[in-house]
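Peer 1: Numbering (our numbering), first residue to last: 97 to 223.
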């Protein structure tokens with residue numbers, strides 16, 4: 097729940113620190129849930145009496161690998177977001193939110209007042 101609050105605040109305020117906190121809390125939640133699953137799996141393994149050699153080890157490897165992938169992906173997306181936020185002032189006016197203190201919300205009076213067209217490049221987000 098905390099991660100959701102920080103993430104929502106970060107998106108609406110476009111702030112970096114709440115986004116970092118959101119990512120950290122999300123990763124801690126993922127890790128704690130995985131530890132809980134491991135405890136459940138180990139308990140079930142012990143109670144069932146199934147003493148196969150690799151039964152629990154395979155589950156542990158899969159879960160640890162999924163944690164690593166989640167953490168790697170979240171920090172990769174965070175790095176791309178921060179990179180995009182640093183380059184955003186270089187974008188044309190069309191793609192930036194209007195500054196309500198200095199500009200009016202009226203449309204341009206002619207086509208000569210309109211900002212130049214911008215070629216959209218493909219996104220490079222990590223998926």
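Backbone N, C-alpha and C fix where the C-beta goes; we use that ideal spot for every residue, glycine too.
Reducing DSSP to helix, strand and coil, say where residue 116 ends up.
Peer 2: Reading the chain shown from its first residue, position 20 is the one you call residue 116. Residue 116: helix per DSSP, three-state reduction.
Peer 1: Are there three or more Cβ pairs, one per stretch, closer than 8 Å when the segment 122-139 is compared with the segment 172-179?
Peer 2: With a cut-off of 8 Å, the segment 172-179 and the segment 122-139 do not count as touching, because too few Cβ pairs lie within range.
Peer 1: Taking only the alpha-carbon atoms, compute the straight-line gap between residue 138 and residue 131 and give it to the nearest angstrom.
Peer 2: Within the chain shown, the letter at position 42 stands for residue 138. Within the chain shown, the letter at position 35 stands for residue 131. The alpha-carbon atoms of residue 138 and residue 131 are separated by roughly 10 Å.
Peer 1: Exposed or buried, which one is residue 118 when buried takes at least 16 other CB atoms within 10 Å?
Peer 2: Within the chain shown, numbered from 1, the residue matching residue 118 stands at position 22. It is buried - the Cβ of residue 118 has at least 16 other Cβ atoms within 10 Å.
Peer 1: What whole-angstrom Cβ distance do residue 167 and residue 134 have, given they're in contact under 8 Å?
Peer 2: Within the chain shown, numbered from 1, the residue matching residue 167 stands at position 71. Within the chain shown, numbered from 1, the residue matching residue 134 stands at position 38. Contact doesn't hold; Cβ gap of about 16 Å is too wide.
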